Each structure stands twice: as structure tokens, then as C-alpha cells.
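Reviewing the structure listed below.
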Amino acid sequence: CAVQLKKGLAGVTKEQMLSSVAIAYEPVWAIGTGKVATPEVAQSVHATCRSILADIFDQETADATRILYGGSVSPDSVDELMAQPDIDGALVGGASLDSSKFSRIINFEVA
Numbered sequence: 001c002a003v004q005l006k007k008g009l010a011g012v013t014k015e016q017m018l019s020s021v022a023i024a025y026e027p028v029w030a031i032g033t034g035k036v037a038t039p040e041v042a043q044s045v046h047a048t049c050r051s052i053l054a055d056i057f058d059q060e061t062a063d064a065t066r067i068l069y070g071g072s073v074s075p076d077s078v079d080e081l082m083a084q085p086d087i088d089g090a091l092v093g094g095a096s097l098d099s100s101k102f103s104r105i106i107n108f109e110v111a
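FYI, in the numbering used here the residues of the sequence shown are 1 to 111.
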């Protein structure tokens, strides 16, 4: 995670981070599988990412950066995921192809 963030954000300024950068985390094992990380695991990774951003930039920038969770987000998982303090949004894949599922996801209710 740290190596990917540091390499991926090399040359990006604080101003760019604050105006136009979002980070997405998707576990490789979740891609196309229908499996979703537990809210606790997803939160832990997002908190780690935010800590790394604070090391690279500063805490203000880390706190302002949107970190999205992707990984089989579904109507059944979205509420608990979005209730986590460091998960700022969802990167929705296959569920976005079904209007009723997608509608439920974008109208999540914080648990």
C-alpha cells in the first residue's frame, strides 16, 4: 500500500491532492468475485492509506482526500462500509448495471 501510494503520487502537489485526486482501494481478491471485505478490514486499509497520505503530505491533506472502497460493493454491504470513518465513498462495479441495486447503493443508509 505505501509503495503504491508513494509511487503513484510522486510529483503530485498538495494543491492537486486537495482539488482533483481521489484514492480507490479494491482488494485484488475481490475483483469480479462477488466477495467484499468486512467493514473492519476495509476500514483498517483505508486508515492506513490516510496515514500514509499524512506522511507524504500532511494531516490536513490526508483528511481532505476522498478514499473510496471498491470490491463487490452491493446493497447488502454498502451501509456498513459507508459507516466506517475512513471510507469516503464507493467504487461500484457490476452492481451499477442493475438500476435497483445501484439506486440502493447510492441511497445508502449509514448503519
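Note that beta-carbon positions come from the ideal geometry of N, C-alpha and C, so glycine has one too.
The model shown is predicted, which means the values in this text are computed figures rather than measured ones.
Burial state of Val-36, where buried means 16 or more other Cβ atoms lie within 10 Å: Numbered from 1 along the sequence shown, position 36 holds the residue referred to as residue 36. Classification for Val-36: buried.
What is the rounded straight-line gap between the Cα of Tyr-69 and the Cα of Glu-26? As a first step, residue 69 is located in the sequence shown; it is residue number 69 there, counting from the start. As a first step, residue 26 is located in the sequence shown; it is residue number 26 there, counting from the start. C-alpha separation (whole angstroms): 6 Å.
Let me know if Arg-50 comes out buried or exposed under the rule of 16 or more other beta-carbons within 10 Å of its beta-carbon. For the purposes of this step, residue 50 is taken as residue 50 along the sequence shown, with counting starting at 1. Result: buried.
Quick check on DSSP: helix, strand or coil for Ile-23? Position 23 of the sequence shown, counted from the start, is the residue given in the question as residue 23. Strand.
Between Gln-84 and the rest of its own chain, which residues show a CB-CB distance below 6 Å, the 5 nearest in sequence each way excluded? By one-based count along the sequence shown, residue 84 stands at place 84. Answer for Gln-84: Pro-39 and Gln-43, listed in chain order.
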